[in-house]
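This report refers to the structure that appears directly beneath it.
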Amino acid sequence: MREGKLFVISGPSGTGKGTICDRIIKENDDVALSISMTTRKPREGEIDGVNYYFVTDEEFERAIAEDGFLEYARVYEHSYGTPKKAVLARLSEGTDVILEIDTQGAMNIKRKYPEGVFIFIKPPSMHELRKRIEGRGKDDPDIIELRLGEAEKEMQLADEYDYCVVNDDLDEAVEKVKKIMADEHSA
Ligand code: 5GP
């Protein structure tokens, strides 16, 4: 049986990478999205075990000690990690897995799994990114500034990825990522 492929998708907060990943998962039964563990609190509407596994600092530390992560990183003052067992199980059963993780996590995965496919989602411009982050009204002003500062840093790593997709139009961006995934299978 063929092994699934690992697709790592990053991009600054507000680029719409979460929406792109959700669309791909909904439209394709052979692709699974890895559910990360995080110590941040759930936002309104987020469900434990669906969006993330929301855990305490102690639970996160325990998972590190038990070698339970493929990678983990500190992002915006919270810890985020990719559970190892679930991802490897899906890959070995032939399912493609998408990791929607930050650039630090992606660079860690690239060292361990260079056969992964790395896709960076870019906003059309930094001005547009600010509008999107402010417009979704989920974050406090200081958090917005923190995220925009991080976004500048993350954009500098875009060249390390195999592909860059600009999310100017959501439907087009979804199609581009789907095509990359299909092409990688036929390569
Ligand atoms: P948010 O708090 O907005 O859900 O996510 C913040 C950032 O953490 C996003 O860039 C997201 O891609 C990243 N992230 C989510 N899960 C993981 C993970 O398991 N590992 C790493 N390294 N980053 C993650």
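Taking the numbering used here, the leading residue of the sequence shown gets 5, the next gets one more, and so forth.
Each residue gets a CB set at the ideal place from its N, CA and C atoms; glycine is no exception.
Check                                                                                               : Outcome
Endpoints, beta strand (DSSP E) assigned at residue 102                                             : 100 to 104
Among 99, 10, 73, the one whose alpha carbon lies nearest that of residue 88                        : 73
Ligand 1 heavy atom lying under 8 angstroms from the CB of residue 132                              : no
Runs of beta strand (DSSP E) wholly within the stretch 142 to 176 (minimum 3 residues, chain order) : 167 to 170
N- and C-terminal bounds of the beta strand (DSSP E) containing residue 85                          : 82 to 87
Residue 33 Cβ short of 8 angstroms to ligand 1 heavy atom set                                       : no
Per-residue DSSP class, three states only, for residue 28                                           : helix
Whole-Å CB distance - residue 102 paired with residue 38, under 8 angstroms assumed                 : 7 angstroms
Range covered by the beta strand (DSSP E) that runs through residue 75                              : 73 to 79
Strand pairing of residue 193, partner residues [DSSP]                                              : Because the chain is modelled from 5 through 191, residue 193 falls outside the range shown and cannot be assessed.
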